[in-house]
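One structure is given here, and the rest of the page talks about it.
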Amino acid sequence: MNNLMLQHFDDDLRSADVSSWMSNRDLVSLILDVVQTIESPKLDPNPAVDFNGILRPRMMVTVLSYCYATGMYSSQEIESAIVKNETVRYLCARTYPTWQDLLRFRRQHKELIHEALSKVLQTAYDFRLWLAASPDPECRVCEMPSGTQHEASATINVSEIAHHRIKSAVFLDSVMLDD
């Protein structure tokens, strides 16, 4: 794969709606899998601490990871999507966090969101490179072999890109609070 194509993928990863690279169903499945692999006591429900026991931490990390991966950063926009967007509503599992809940959760769990989002972006990037290198570029139902990573995946810094997406959310929320 040539360097120009790799640069295009790098630029896409920085700004793209990752759901444009794979089906929305595959993206949701990827995010659910990633969040389940994260081990942290902060993800264990604690009704005494976690927003009156209503908003489960894993669900919140899943929702925010999905939204940030698809280019939805503002907490108010996410709150609206919980009502209007079928996928976001599904990920919320019959809970309805307010934009204030989302903002507060992001502040308290930024490192967990960063970890999940980094893993999602890396896997989606590897999948996109794999599809581009596939002999059948129209194949959207084939699965990337387990453990497949393109050698170019090391050329990007998904941690930095995840950090940038989270900073975009912080910025948009701070602008909204200034109004």
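Taken in order, the sequence shown gives residues 16 to 194; the numbers are from this note's numbering.
C-beta: ideal position from N, C-alpha, C; glycine also.
Q | GLN51 to ARG122 span [Cα, whole Å] | A | Taking the sequence shown and counting its residues from 1, the one referred to as residue 51 is at position 36. Taking the sequence shown and counting its residues from 1, the one referred to as residue 122 is at position 107. Spanning the two alpha carbons is a distance of roughly 21 Å.
Q: Identify whether ARG121 lies in helix, strand or coil by the three-state DSSP scheme.
A: The residue labelled residue 121 in the question sits at position 106 within the sequence shown. Reduced to three states, the DSSP call for ARG121 is helix.
Q. Roughly how far, in whole angstroms, is the beta-carbon of TYR83 from the beta-carbon of ALA184, given that I think they are within contact range, below 8 Å?
A. The residue given as residue 83 occupies position 68 in the sequence shown. The residue given as residue 184 occupies position 169 in the sequence shown. With 8 Å as the limit, TYR83 and ALA184 qualify as a contact, their Cβ atoms being about 6 Å apart.
Q. According to the neighbour-count rule (16 or more other Cβ atoms, all chains shown, within 10 Å of its Cβ), is PHE120 buried or exposed?
A. Start at 1 with the first residue of the sequence shown, and residue 120 comes out as number 105. Buried: at least 16 other Cβ atoms inside 10 Å.
(Q) Given this structure, state the Cα-to-Cα distance separating GLU92 from ARG40, to the nearest angstrom. (A) Here residue 92 refers to the residue found at position 77 of the sequence shown. Here residue 40 refers to the residue found at position 25 of the sequence shown. Between the alpha carbons of GLU92 and ARG40 lies a gap of roughly 21 Å.
Q.
Can you tell me whether ARG109 is buried or exposed? The criterion is at least 16 other CB atoms within 10 Å of its CB, across all chains shown.
A. One-based indexing of the sequence shown puts residue 109 at position 94. Exposed is the call here.
Q) What's the call for HIS124, buried or exposed, on a 16-neighbour Cβ count within 10 Å? A) Counting from 1 along the sequence shown, the entry for residue 124 is found at position 109. By the neighbour-count rule (16 or more Cβ atoms within 10 Å), HIS124 is buried.
Q | Span of the alpha helix (DSSP H) around SER35 | A | Position 20 of the sequence shown, counted from the start, is the residue given in the question as residue 35. First-last for SER35: undefined, no H or E at that position.
(Q) Would GLN137 and VAL78 be called neighbours here (beta carbons separated by less than 8 Å)? (A) For the purposes of this step, residue 137 is identified with residue 122 of the sequence shown, where counting begins at 1. For the purposes of this step, residue 78 is identified with residue 63 of the sequence shown, where counting begins at 1. Cβ atoms of GLN137 and VAL78: not closer than 8 Å.
Q: State the Cα-Cα distance for the pair LEU58 and TYR140, rounded to the nearest angstrom.
A: Walking along the sequence shown from the start, residue 58 turns up at place 43. Walking along the sequence shown from the start, residue 140 turns up at place 125. For the pair LEU58 and TYR140, the Cα-to-Cα distance works out to about 26 Å.
Q.
Here's a check: name, in chain order, each residue in its chain whose Cβ is nearer than 6 Å to the Cβ of ASP32, leaving out the five neighbours to either side.
A. Mapped onto the sequence shown, residue 32 falls at position 17. Contacts found: THR85, GLY86.
Q | LEU106 to LYS134 span [Cα, whole Å] | A | Within the sequence shown, the letter at position 91 stands for residue 106. Within the sequence shown, the letter at position 119 stands for residue 134. Looking at the two C-alpha atoms, the distance is approximately 18 Å.
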